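Novice: Below you will find the structure I want to go over with you.
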Amino acid sequence: MKRLKDLSIKRKLISGFLAVCIITALVGAVGIFGMIQLNAASEKMFEKQTAPLHDLTVIIDTISQIRIQMRTAALWADNAEKLNSAQKEFEGLKAKMTEAMDAYMPTISSSESIKLAAEAKQLYTEKLIPGAEKIFKAAQSGNIVQTRDVGSELTEPINKISSNFNQCLENKIENASKINESNKLLALILIIILGVVMLLGIFTAIFLGSLIAKRISQPIAQVVAAADELALGNTNISVDADSDDETGMLASAFNRMITGIKEQADIVSSIADGDLSVEVTPRSEQDTLGIALKQTSEKLNKILSNINIAAEQVLAGSEQVSIGSQTLSQGSIEQASSVEQLSASLEEVSAQVTENAESIRQVVGHIEEASAGVNKCNDQMQLMLKSMAEISNSSNQISKIIKVIDDISFQTNILALNAAVEAARAGAAGKGFAVVADEVRSLASKCAESAKQTTVLIENSGKAVENGAKIAEDTAVYLEEVKKVAAQINVVITRIESASSNQAEAIQQINAGVEQISAVVQNNSATAEESAASSEELSAQAKMLKEQIASFKLQD
Numbered sequence: 004m005k006r007l008k009d010l011s012i013k014r015k016l017i018s019g020f021l022a023v024c025i026i027t028a029l030v031g032a033v034g035i036f037g038m039i040q041l042n043a044a045s046e047k048m049f050e051k052q053t054a055p056l057h058d059l060t061v062i063i064d065t066i067s068q069i070r071i072q073m074r075t076a077a078l079w080a081d082n083a084e085k086l087n088s089a090q091k092e093f094e095g096l097k098a099k100m101t102e103a104m105d106a107y108m109p110t111i112s113s114s115e116s117i118k119l120a121a122e123a124k125q126l127y128t129e130k131l132i133p134g135a136e137k138i139f140k141a142a143q144s145g146n147i148v149q150t151r152d153v154g155s156e157l158t159e160p161i162n163k164i165s166s167n168f169n170q171c172l173e174n175k176i177e178n179a180s181k182i183n184e185s186n187k188l189l190a191l192i193l194i195i196i197l198g199v200v201m202l203l204g205i206f207t208a209i210f211l212g213s214l215i216a217k218r219i220s221q222p223i224a225q226v227v228a229a230a231d232e233l234a235l236g237n238t239n240i241s242v243d244a245d246s247d248d249e250t251g252m253l254a255s256a257f258n259r260m261i262t263g264i265k266e267q268a269d270i271v272s273s274i275a276d277g278d279l280s281v282e283v284t285p286r287s288e289q290d291t292l293g294i295a296l297k298q299t300s301e302k303l304n305k306i307l308s309n310i311n312i313a314a315e316q317v318l319a320g321s322e323q324v325s326i327g328s329q330t331l332s333q334g335s336i337e338q339a340s341s342v343e344q345l346s347a348s349l350e351e352v353s354a355q356v357t358e359n360a361e362s363i364r365q366v367v368g369h370i371e372e373a374s375a376g377v378n379k380c381n382d383q384m385q386l387m388l389k390s391m392a393e394i395s396n397s398s399n400q401i402s403k404i405i406k407v408i409d410d411i412s413f414q415t416n417i418l419a420l421n422a423a424v425e426a427a428r429a430g431a432a433g434k435g436f437a438v439v440a441d442e443v444r445s446l447a448s449k450c451a452e453s454a455k456q457t458t459v460l461i462e463n464s465g466k467a468v469e470n471g472a473k474i475a476e477d478t479a480v481y482l483e484e485v486k487k488v489a490a491q492i493n494v495v496i497t498r499i500e501s502a503s504s505n506q507a508e509a510i511q512q513i514n515a516g517v518e519q520i521s522a523v524v525q526n527n528s529a530t531a532e533e534s535a536a537s538s539e540e541l542s543a544q545a546k547m548l549k550e551q552i553a554s555f556k557l558q559d
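Under this note's numbering, the residues of the sequence shown are numbered 4 to 559, in order.
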């Protein structure tokens, strides 16, 4: 038979749980046995003690009821209705008494109760029932004296029957108390047995659980401690594997893992020391770390070999770069000189373009002033045309007035002529009036002559005004054309000014570009010098790299 520590964890756990199940079954069996015993005792107590108590109570009560019915028959012998009722009640009580005694008698267990019950039954059968029947017959016949005599004779048997059954009741109660005490003792014994079995089961379960847990946890704890040491990088550890269960297999597997890690650590240590010629053999296709170490070793060999070749090429290339950088530096210096000359020429052109733009702006200013003067002249000509129109209008009005004056002079002349005719007719009385009429006619003639002259002057003035207005209109047209030409010239000069400004900006941009080119050329020159210095440093680094790689031992 295997030792417990050599059993598998599965069997250990199954054994432990099986033991717990057995203990549980044992505790349950003891409990069930106790419950069966208590149930049997309870049933026995009920059948032999509790149920008969009811029958005894019925018997005692029935005896009292029979006594009452006999007294009723003796008292109501002359009342047939009540007597018949008592007779019927008596018959029912006899049947009830017979049933109760038949149920009680088999339950008697003590000899004393058997004797008392037998005596009481005999008295009931031989004394009480016959006597009661005599009482009912005597009552029916109206013999009250006989009923009382028989009733007196039955007093002692009835008391004896009641006393015996009461004593049986007390005996039943006493027996029930004894059985109850016995049941209590049985329950206590069963509880003690069940408690002892439970304690034994608990202690056994605890012992088995602790033993199994110890057999499982101790090896695992050793593996955990070793794993913690391994996590800290300590590979000089081992785990005792002194059992054949899963924990022993785990310890053995852990030891194999530690051995593999040690071997891989030695390989890594050799690689760290520069020995890349070490051979790495993976333990299996699933050995990720071993495969990775092998690939790392191969890649490092390949990389360092390539670095060695590259270092030689870098060394050769750095020398060529140094020569090229010096040539580039010399060319950059010459380019910088040419760019400076070009920048100076562009600055002169930029100054001339700026000066031309300024002159164009001045011309634009003068043209704008001339255009403003033409506008003012045009406005004055318009005012003059307006004034001439007003003069022409006034001349027309004066012509109309003069025409009116001419008409008035003509009418005045006619009136003067009429006045002279009338004065001639009047003779000497009209001489003074004739003189006045002559003067008036003379004034009318002068006024008409003056009106004609004024009309001629006004007509001449109107013609002059018309000629002046025509000349002014022509002048206004010419001024408007001059204004349009000035505006066109202004537009052209504005375009020239804009083009000159754009040209100046373009030259400034070109100048800025040349300055950037100059900066780039200077930067290239500095970069070429730095490149030459860097190539020399790179050459030194390449030599140092070759020396460093020489410290590694590579595979062939």
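Just so it is clear, CB atoms sit at the ideal spot from N, CA and C, and this is done for glycine as well. These numbers come from a predicted model, not from an experiment.
Taking only the alpha-carbon atoms, compute the straight-line gap between alanine 515 and threonine 330 and give it to the nearest angstrom.
Specialist: Their Cα atoms are separated by approximately 27 angstroms.
Novice: If you drop the 5 nearest sequence neighbours on each side, which residues of the same chain put their C-beta closer than 6 angstroms to that of methionine 4?
Specialist: Reliability fails at methionine 4, whose pLDDT of 42 lies under 50, so the model's placement of it is uncertain and the value that follows must be treated cautiously. Cβ neighbours of methionine 4 beyond the five flanking positions: none.
Novice: Please report the residue range of the alpha helix (DSSP H) in which tyrosine 107 lies.
Specialist: Here the alpha helix (DSSP H) through tyrosine 107 covers 83-107.
Novice: For the candidate residues Ile219, Ala268, Leu193, whose alpha-carbon lies nearest to that of methionine 252?
Specialist: Checking every option, the nearest Cα to that of methionine 252 belongs to Ile219.
Novice: Counting pairs of Cβ atoms below 8 angstroms between the region 178-189 and the region 70-78, do you hit three or more?
Specialist: Taking 8 angstroms as the limit for Cβ pairs, the verdict is that the region 70-78 does not touch the region 178-189.
Novice: Is the distance from the Cβ of alanine 77 to the Cβ of isoleucine 161 below 9 angstroms?
Specialist: Cβ atoms of alanine 77 and isoleucine 161: not closer than 9 angstroms.
Novice: Measuring only the C-alpha atoms, how far is glutamate 508 from valine 494?
Specialist: Their Cα atoms are separated by approximately 21 angstroms.
Novice: Would lysine 389 be called buried (16 or more neighbouring beta carbons within 10 Å of its own) or exposed?
Specialist: The residue in question, lysine 389, is exposed, as its Cβ has fewer than 16 Cβ neighbours within 10 Å.
Novice: Taking DSSP as the reference, what is the three-state secondary structure of aspartate 278?
Specialist: DSSP places aspartate 278 in strand when its eight states are reduced to three.
Novice: Please name the residue in Ile310, Lys455, Ala254, Ala106 whose C-alpha comes closest to that of glutamate 550.
Specialist: Closest option to glutamate 550, Cα to Cα, is Ile310.
Novice: Can you tell me whether alanine 268 is buried or exposed? The criterion is at least 16 other CB atoms within 10 Å of its CB, across all chains shown.
Specialist: Exposed, since its Cβ has fewer than 16 Cβ neighbours within 10 Å.
Novice: Do the region 24-32 and the region 197-209 make contact, defined as three or more Cβ pairs closer than 8 angstroms?
Specialist: Judged by Cβ distances under 8 angstroms, the region 24-32 makes contact with the region 197-209, as three or more pairs qualify.
Novice: Below 6 angstroms CB to CB, which residues in the same chain sit around phenylalanine 20 once its five sequence neighbours on both sides are set aside?
Specialist: Excluding positions up to five away in sequence, the list is empty.
Novice: What are the start and end residues of the alpha helix (DSSP H) that includes glutamine 125?
Specialist: Looking at the DSSP string, the run of the alpha helix (DSSP H) that includes glutamine 125 is 114-126.
Novice: Pair every Cβ in the region 113-124 with every Cβ in the region 144-159, then say whether three or more of these pairs are closer than 8 angstroms.
Specialist: No: fewer than three Cβ pairs fall under 8 angstroms.
Novice: Taking the C-alpha atoms as reference points, what is the distance between serine 340 and glutamate 518?
Specialist: Roughly 12 angstroms between the two C-alpha positions.
Novice: Note down the Cα distance separating serine 542 from glutamine 333, rounded to an integer number of angstroms.
Specialist: Using only the alpha carbons, I get a separation of about 22 angstroms.
Novice: Could you check which residue in Asn87, Ala89, Glu533, Val23 has the C-alpha nearest to that of isoleucine 326?
Specialist: Closest by alpha carbon: Glu533.
Novice: Terminal residues of the continuous alpha helix (DSSP H) containing glutamate 136?
Specialist: Where glutamate 136 is concerned, the enclosing alpha helix (DSSP H) stretches over 132-144.
Novice: Have a look at aspartate 572 and tyrosine 107 and give me their C-alpha separation to the nearest angstrom.
Specialist: Because the chain is modelled from 4 through 559, residue 572 falls outside the range shown and cannot be assessed.
Novice: Compute the distance between the beta-carbons of arginine 444 and alanine 427, then report whether it is under 9 angstroms.
Specialist: The answer is no: Cβ separation not under 9 angstroms.
Novice: Considering only the alpha carbon of each residue, which of Asp243, Asn237, Leu86, Leu202 lies closest to proline 222?
Specialist: With distances taken between Cα atoms, proline 222 lies closest to Asp243.
Novice: By Cβ distance, which residues of its chain are closer than 6 angstroms to valine 153, with the 5 residues on each side in sequence left out?
Specialist: Correct list, in chain order: Gly134, Lys137, Ile138.
Novice: Note down the Cα distance separating lysine 265 from threonine 238, rounded to an integer number of angstroms.
Specialist: Whole-angstrom Cα-Cα distance: 6 angstroms.
Novice: Could you compute how far the alpha carbon of proline 295 sits from the alpha carbon of valine 271?
Specialist: In the sequence as presented, proline is not what sits at residue 295; that position holds alanine. When rounded, the distance between both Cα atoms is 11 angstroms.
Novice: In angstroms, rounded to a whole number, what distance separates the CA positions of lysine 473 and glutamine 414?
Specialist: Computed Cα separation, rounded: 39 angstroms.
Novice: Hey, leucine 131 and isoleucine 66: beta-carbon distance below 9 angstroms or not?
Specialist: For leucine 131 and isoleucine 66, yes; Cβs fall inside 9 angstroms.
Novice: With H, G and I counted as helix, E and B as strand and the rest as coil, what does DSSP make of glycine 293?
Specialist: The answer is helix: DSSP assigns glycine 293 an H, G or I state.
Novice: Run through DSSP, which three-state label would arginine 70 get?
Specialist: Three-state result, arginine 70: helix.
Novice: In three-state DSSP terms, what is glutamate 539?
Specialist: Three-state DSSP puts glutamate 539 in a helix.
Novice: Taking 6 angstroms as the limit between beta carbons, can you name the residues of its chain near tyrosine 127, skipping five residues before and five after?
Specialist: Excluding residues within five positions, the ones whose Cβ falls inside 6 angstroms are Ile164.
Novice: Exposed or buried, what is glycine 376 when buried is set at 16 or more other beta-carbons lying within 10 Å of its beta-carbon?
Specialist: It is exposed - the Cβ of glycine 376 has fewer than 16 other Cβ atoms within 10 Å.
Novice: What is the rounded straight-line gap between the Cα of threonine 362 and the Cα of threonine 497?
Specialist: Just to set this straight, residue 362 is serine in the shown sequence, not threonine. Computed Cα separation, rounded: 12 angstroms.
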